[in-house]
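Read the structure below first, then the notes.
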Amino acid sequence: MDVKETLKENTVYPLKYPQLFQEGSASQAVKGLLLFGPPGTGKTMLAKAVATETGATFLNVDSASISSKWYGEAEKMARAVFTLARKLAPTIIFIDEIDSLLSARDDTERSTIASVKTTLMREWDGLSTTADRVLVIGATNRPYTLDEAILRRMPRRVMVDLPDKAERISILEVGLRGNRLAASLSLDTLAERLDSYSGSDVREVCREAAVSIANAKARELEEMASRGEPLVGSRFALRPLKMADFEAAMKKIRPSIPKDSAMRKKVHEWNEQFGEGGNGKNNSGYESIYL
1 MDVKETLKEN
11 TVYPLKYPQL
21 FQEGSASQAV
31 KGLLLFGPPG
41 TGKTMLAKAV
51 ATETGATFLN
61 VDSASISSKW
71 YGEAEKMARA
81 VFTLARKLAP
91 TIIFIDEIDS
101 LLSARDDTER
111 STIASVKTTL
121 MREWDGLSTT
131 ADRVLVIGAT
141 NRPYTLDEAI
151 LRRMPRRVMV
161 DLPDKAERIS
171 ILEVGLRGNR
181 LAASLSLDTL
191 AERLDSYSGS
201 DVREVCREAA
211 VSIANAKARE
221 LEEMASRGEP
231 LVGSRFALRP
241 LKMADFEAAM
251 KKIRPSIPKD
261 SAMRKKVHEW
271 NEQFGEGGNG
281 KNNSGYESIY
291 L
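Just so you know, we're using the UniProt record's numbering here: the sequence shown kicks off at 1 and counts up by one.
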């Protein structure tokens with residue numbers, strides 16, 4: 001099952017059509033869903049897209065902000081989040097970098113963090129049925145560091161991987177809207193060259209290429225102005241983007257995490273054991289974000 005279908009069946013449909021999920025075991029809500037994968041793959045965008053499609057309130061919880069609070073204050077904030085979520089239901093509580101707050105417990109863990117974890121799990125357990133219409137979505141680049149007790153509360157664990165070639169073409173088409181492209185530029189070839197780039201990396205390459213020709217034109221205009229030449233409107237026209245512009249941009253913008261990196265390998269191994277995408281199928285979520 002791909003990311004789009006998993007999100008629809010476990011988040012969109014129950015929040016959008018709660019009357020369909022009231023009989024028997026169907027009324028037992030999926031309380032938590034984990035999105036994990038390499039950095040820049042659109043996990044936050046996916047969570048926001050779910051909130052938008054369902055009309056749900058989106059509560060973005062800052063893990064660092066909670067963990068930095070004094071003892072007692074962090075617990076109050078955690079309880080307040082769930083209280084507010086119930087009042088504003090349907091609600092998605094989104095915890096980015098959830099591993100920084102809810103990683104596996106050890107003997108060196110601060111008492112504040114341990115207490116916050118206990119409070120969060122207690123509040124989380126209070127979401128017993130679909131009638132609550134509150135879902136916790138966590139996102140992490142390092143799922144293998146999460147506490148087992150947290151994973152039990154997130155039975156649906158979906159890997160959001162790097163985009164494949166077709167998805168990179170879609171990202172390029174969106175990222176280059178409004179830009180003039182040379183007739184010789186092949187998005188198919190460019191997408192091939194961008195293998196191992198994340199969605200955010202691809203967008204940054206597009207931005208860098210477009211900015212580079214604008215800067216080149218600005219330098220040209222500066223020289224013209226220094227010679228006293230009039231800067232009329234036609235001289236501000238930018239030339240179309242060529243493959244060379246993207247090649248230059250790719251020398252500046254490198255992949256955030258190479259495909260053969262140890263971190264990505266570890267995430268894939270964890271996915272095979274604990275995730276839903278353990279069948280070798282591409283599990284990128286770009287179709288649901290961009291199309």
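The C-beta atom is built at its ideal place from N, Cα and C for all residues, glycine as well.
Quiz item: Are the beta-carbon atoms belonging to A56 and R153 less than 9 Å from one another?
Solution: Position 56 of the sequence shown, counted from the first residue, corresponds to residue 56. Position 153 of the sequence shown, counted from the first residue, corresponds to residue 153. R153 sits away from A56, with the two beta carbons spaced by 9 Å or more.
Quiz item: Quick one: what does DSSP say D99 is sitting in, helix, strand or coil?
Solution: Translated into positions along the sequence shown, residue 99 becomes position 99. Here D99 sits in helix by DSSP.
Quiz item: Of all the options I93, S256, E173, which has the alpha carbon lying nearest to the alpha carbon of T44?
Solution: Taking the sequence shown and counting its residues from 1, one reaches residue 44 at position 44. Check the Cα spacing between T44 and each of I93, S256, E173: the tightest is with I93.
Quiz item: Can you tell me the Cα-Cα spacing of residue 293 and L135, whole angstroms?
Solution: Since the first and last residues shown for the chain are 1 and 291, residue 293 lies out of range.
Quiz item: Secondary structure at T22, three-state DSSP: helix, strand or coil?
Solution: As a working note, residue 22 is residue 22 in the sequence shown. With the sequence shown as reference, residue 22 is identified as Gln, and Thr is not the correct amino acid for it. Judged by DSSP in its simplified three-state form, Q22 adopts coil rather than helix or strand.
Quiz item: Over what stretch of residues does the beta strand (DSSP E) that includes I137 continue unbroken?
Solution: Taking the sequence shown and counting its residues from 1, one reaches residue 137 at position 137. Start and end: 134-140.
Exercise. Would you kindly work out how many angstroms separate the C-alpha atoms of V202 and L194, rounded to a whole number?
Key: Locating residue 202 in the sequence shown gives position 202, where the first residue counts as 1. Locating residue 194 in the sequence shown gives position 194, where the first residue counts as 1. Approximately 7 Å between the Cα atoms of the pair.
Exercise. Give the DSSP bridge partners of G233, in chain order.
Key: As a first step, residue 233 is located in the sequence shown; it is residue number 233 there, counting from the start. Answer is none; G233 lacks a bridge partner.
Quiz item: Roughly how many whole angstroms lie between the Cα atoms of M159 and V232?
Solution: The residue you call residue 159 lines up with position 159 of the sequence shown. The residue you call residue 232 lines up with position 232 of the sequence shown. So the two alpha carbons sit approximately 52 Å from each other.
Quiz item: What do you reckon, are the CB atoms on L187 and E173 nearer than 9 Å?
Solution: Counting from one through the sequence shown, the residue named residue 187 turns up at place 187. Counting from one through the sequence shown, the residue named residue 173 turns up at place 173. Cβ atoms of L187 and E173: closer than 9 Å.
Quiz item: Taking C-beta to C-beta, are T119 and E75 nearer than 9 Å?
Solution: Numbered from 1 along the sequence shown, position 119 holds the residue referred to as residue 119. Numbered from 1 along the sequence shown, position 75 holds the residue referred to as residue 75. Against a cut-off of 9 Å, the Cβ pair of E75 and T119 comes out as a contact.
Quiz prompt | Rounded Cβ spacing between I171 and T140 (contact assumed at less than 8 Å) | solution = One-based indexing of the sequence shown puts residue 171 at position 171. One-based indexing of the sequence shown puts residue 140 at position 140. The pair is not a contact, with the Cβ atoms about 22 Å apart (cut-off 8 Å).
Exercise. Determine the extent of the alpha helix (DSSP H) in which R79 is found, giving its start and end residues.
Key: Indexing the sequence shown from 1 puts residue 79 at position 79. R79 -> alpha helix (DSSP H) spans 73-87.
Exercise. Could you check the C-alpha separation between I289 and A51 for me, to the nearest Å?
Key: Within the sequence shown, residue 289 is the residue found at index 289, counting from 1. Within the sequence shown, residue 51 is the residue found at index 51, counting from 1. Any reading at I289 must be qualified, since the residue scores a pLDDT of 46, below 50, and its modelled position is unreliable; no value is offered.
Quiz item: Which same chain residues, not among the five before or five after L34, have their C-beta less than 6 Å away from its C-beta?
Solution: Working through the sequence shown from its first residue, we reach residue 34 at position 34. Counting only Cβ-Cβ distances below 6 Å, and skipping sequence neighbours, we find G138, M154, R157.
Exercise. Can you give me the start and stop residues for the alpha helix (DSSP H) that residue 292 sits inside?
Key: Within the shown structure, residues of the chain are numbered from 1 to 291, placing residue 292 beyond reach of any answer.
Quiz item: Using CA coordinates, which residue listed in K87, S27, A216, F236 is at the minimum distance from D245?
Solution: Position 245 of the sequence shown, counted from the first residue, corresponds to residue 245. The shortest C-alpha separation from D245 is found at A216.
Quiz prompt | Nearest-angstrom Cα separation, counted from R180 out to G24 | solution = Position 24 of the sequence shown, counted from the start, is the residue given in the question as residue 24. Position 180 of the sequence shown, counted from the start, is the residue given in the question as residue 180. G24 and R180 have their C-alpha atoms some 56 Å from each other.
Exercise. Spatial neighbours of G40 within its chain, please: CB distance less than 7 Å, with the 5 preceding and 5 following residues excluded, ordered by chain position.
Key: Position 40 of the sequence shown holds residue 40. Excluding sequence neighbours, G40 sits near S198, G199, S200, D201, S256.
Quiz item: Nearest to T145 by CA position, among E192, Y17, S100, is which residue?
Solution: The count along the sequence shown starts at 1 and reaches residue 145 at position 145. The option with the nearest alpha carbon to T145 is S100.
Quiz item: Do you know offhand how far R79's Cα is from E123's?
Solution: One-based indexing of the sequence shown puts residue 79 at position 79. One-based indexing of the sequence shown puts residue 123 at position 123. Approximately 7 Å, taken between the alpha carbons.
Quiz prompt | Span of the beta strand (DSSP E) around T11 | solution = On the sequence shown, position 11 is the one that residue 11 refers to. Where T11 is concerned, there is no enclosing beta strand (DSSP E), because DSSP gives it neither an H nor an E.
Practice problem: State buried or exposed for F82, treating a residue as buried only when at least 16 other CB atoms are found within 10 Å of its CB. | Solution: As a position in the sequence shown, residue 82 is number 82, starting the count at 1. Buried is the call here.
Quiz item: Do you know how far the Cα of S234 is from the Cα of I213?
Solution: Residue numbering aside, residue 213 sits at position 213 when the sequence shown is read from its first letter. Residue numbering aside, residue 234 sits at position 234 when the sequence shown is read from its first letter. Straight-line spacing of the CA atoms in I213 and S234 works out to 16 Å.
Quiz item: Anyone know if the C-beta pair for A149 and L176 falls short of 9 Å?
Solution: Position 149 of the sequence shown holds residue 149. Position 176 of the sequence shown holds residue 176. For A149 and L176, no; Cβs fall outside 9 Å.
Self-check item: Three-state secondary structure (DSSP) of residue 295
Solution: Residue 295 cannot be examined here, being either before or after the span of the chain that is shown, 1 to 291.
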